[in-house]
Structure formats: C-alpha cells, structure tokens
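Working notes for the structure below.
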Amino acid sequence: MSYVEVPGAKVPIRMWADPASVEDVAMQQLRNVATLPWIKGLAVMPDVHFGKGATVGSVIAMQGAVCPAAVGVDIGCGMSAVKTSLTANDLPGDLSRLRSKIEQAIPVGRGMHDEAVAPDQLYGFRAPGWDDFWGRFDGVADAVKFRQERATKQMGTLGSGNHFIEFCLDEAGSVWLMLHSGSRNIGKELADFHIGQAQKLPHNQDLIDRDLAVFIADTPQMAAYRNDLFWAQEYAKYNRAIMMALFQNVVRKEFKKAKVTFEPVISCHHNYVAEERYEGMDLLVTRKGAIRAGAGDFGIIPGSMGTGSYIVKGLGNEKSFNSASHGAGRKMSRNAAKRRFSTRDLEDQTRGVECRKDSGVVDEIPAAYKPIEKVIEQQRDLVEVVAKLKQIVCVKG
C-alpha cells in the first residue's frame, strides 16, 4: 500500500497502516505529536502501537528540537544479521546444545560478563574508535557516572523483553545469525534522566502531553542530551557488534568441520535520532520503532519468536523520511498476552523452534504480535525483500 493521510494540527499524519486498525490511544498519541510547534513531518509505520509519549512505529521530523521520549528508553536499540556459509544440511537434528552454548557465551536478561569483554579478545573482530568511545564516558551526565563498571560488563549482553538471538534459515537453506538488542541499562538510565530534565523546562509546561517534552536547539540542555544520546547510540552499536562476534565464535566452534565463513554484517538502529535534510530543511529525525530505509540501505524487520523475519533493502521513499517498520509490532500488551495465553499455547506457536517455552516468555508469544507478512506487504513502497528467514533457535532474556 501507499500511505493514507490523516489530518493533523501542524502537519498531516502519513500512515502506512489502516487508521481504523490502530488503537484509539495510539491514534491520540499521533494527534498529540502533530501539535508540537517544532514538527515538520510525521510518518507512521505499519507496526504502529501505543508507547510512552510517542507511539512505537513513528518517524518524527522536527526542526531545532528533539523529544527524548520519542526516541524511547532503549536508545540505539536495533538489529544485526549475517549470512553464513552453513546450510541446513550441516545442522544436527538436536539444536539444544547450540542454544546452550549461545547462552553460555552471551549473558541474557539482567546478566553481565564477569569481566569486561575487550575487542582484541574476539577472533577477527575490529572496533575502530573503541578507546575514544570509552574516553568520552567522562562527558556523559553525572547522574550515571557511578554505572561505569556495570556498563563495561554489560557490553556484549542481550537484555530481556523483546530482545533475542536467533539462528535462522532462509528459503534457500542458508544459515543466518541474527540478534536484537540496544544500549542496556546505561542507555535506559540516560534516557530516564534526560526525559526528567526536559519535563522541567518552561517551554514544555503547556504541552498536551508532558511525555512529549522537548529540548530546543542552541541550549545547554540540548547539547547535553545530544552528547549522551549519540554516545548511547554508539554503545548500542558496539553492544550488538560484540554479541555478534561472540555468536560467530560459538558457531565456528560448534561447526569446526564446516570451516564457517561469514558475509558482512548488516546492522541497523530502530530507536534513534539522525540529522537529515528534507525539502531544503535540516531536520532532527527521530525513529522510534522504525529503521532507515534510504535507497539501497539494508535493513532487518523481525517478526516474533515463532514466525520469522525479513532482510530488506530500502527504496528511498522521502514521504516516509526514508524509513520503514522495525518489526511486526505488538497487537496486545504484555499483561494482556499473559492473561490470555498459557505455556501450552506458547509451545504450540513455537513448535519447531529450539527456545524457552516457560511462563517467563509467554508475553512474547507470536499471537501477541501483528502478522509480519501483512506488515511487510503494507510497506512495499518503502522496502524490497532480500531474504525471508525462519528461526530454528531463539534465545530470549
């Protein structure tokens, strides 16, 4: 489909979703965002659903302002994927050992490494700018300085919620490695701190929703937020890169005879801010639950833990601010999923996938998400499909 335009107070709301299918609270959030004085455009992805302040699945283009709640609390959250030389014929019948080895190598949930992982400890891994990145920790908000040791030990860890590590097959039988994570606790604490700072500022006192509080260009508060935001986005990028290196090392060891090789890693943020230019204006584009899909940009759009995912290439549609969805998107809240579904339902919906099937992940059951095929179909003018993947191992936090 192409987009549907819904009237908004300052800008029209361009929707790559059927407005009638979007929950009322999410539609209200979109209307609220369209009232912001600094807004220059709002694009809505097919995975749109209710979030804090701004919906998940929205692309907000503003001039001279940025809304920290519209980035989300997991700054820099995103995806990485890599195609391997392995095929389905190389795999054992029982994949439980592989799942166990992945979980041993990469801490999940609130876990962390016993010692910080140094890039030079990882086979063939390169981390340009690593020392400079950590040197800049001295310049982030004082409120999180005491978290430095924790931040170093959580680098290269998964987290919980909808984060995952997957071992997948494409339709030709090739094996792919894929993972989803962000800036861990340090990113969340930086986001929470700055959201609180923004809500205190005088220019935000009359906003329709206090969670839409913004920082304005050429102020000390904006400078501090941009510094911490871009640092946290870099943390998330390194976090995924180190996890992927650890994952690749597990696969090398488990499939020694195959002498596995890997193609270049595809990686993309889906909770972040970028400086981009549209219609002659320099804008701050916030993608909350959306990926960049400029012409030729590779992206990753995952489904749920039982349905599969897509590798895509952007078509460069400026009406969406060169964006596409970040996943299938939830169609029910975590609490609603827990009330409605049982572990037996989870077992049924993840049959054939080596993964957790206990009460701790029922809120991630596939039925809690929108159908990924429909979400892809709704954005055929934003991306083209490069590969369709189906997971056979899924590690959750």
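Taking full-length UniProt numbering, the leading residue of the sequence shown gets 1, the next gets one more, and so forth.
All C-beta atoms in this analysis are idealised placements derived from N, C-alpha and C, irrespective of residue type, glycine included.
No experiment lies behind these values; they were computed from the predicted model shown.
Item                                                                                                          : Value
Residues near N249 by beta carbon distance below 6 Å, same chain, minus five either side                      : Y123
Anticipated Cβ contact below 8 Å, Q233 with Y272, distance rounded                                            : 5 Å
DSSP beta-bridge partners of F262                                                                             : T84
W134 versus A116 - alpha carbon distance                                                                      : 12 Å
Closest Cα partner of V175 within the set N32, Q391, V395 and G397                                            : Q391
Under the three-state DSSP convention, the category A26 falls into                                            : helix
C-beta contact flag for V59 and A43 at 8 Å                                                                    : yes
Other residues of its chain near L389: CB distance less than 6 Å, five sequence neighbours each side excluded : C168, D170, W176, G308 and S309
K388 - partner residues in DSSP beta bridges                                                                  : Y310
R226 versus A151, L246 and L284, residue with shortest Cα-Cα distance                                         : L284
DSSP state of I75 mapped onto helix, strand, coil                                                             : coil
Among G57, C394, W231 and R380, nearest to C355 - alpha-carbon criterion                                      : C394
In DSSP terms, what K288 is bridged to                                                                        : S58 and N271
Nearest to K313 (by Cα), restricted to the options G306, K319 and A324                                        : A324
Sequence-distant residues of the same chain with beta carbon closer than 6 Å to L201, five excluded per side  : none
Three-way DSSP call (helix, strand, coil) for P46 in this model                                               : strand
Selected residue, minimal CA-CA separation from A286, among D18, V362 and V33                                 : A small correction: the amino acid at residue 286 is Thr; Ala does not occupy that position in the sequence shown. For the residues D18, V362 and V33, the minimum Cα distance to T286 belongs to V33.
Beta-carbon gap between D282 and G182 smaller than 8 Å                                                        : no
Cβ-Cβ distance between A17 and P46 below 8 Å                                                                  : yes
Sufficient close CB pairs (3 or more, under 8 Å) joining the region 96 to 104 to the region 190 to 209        : no
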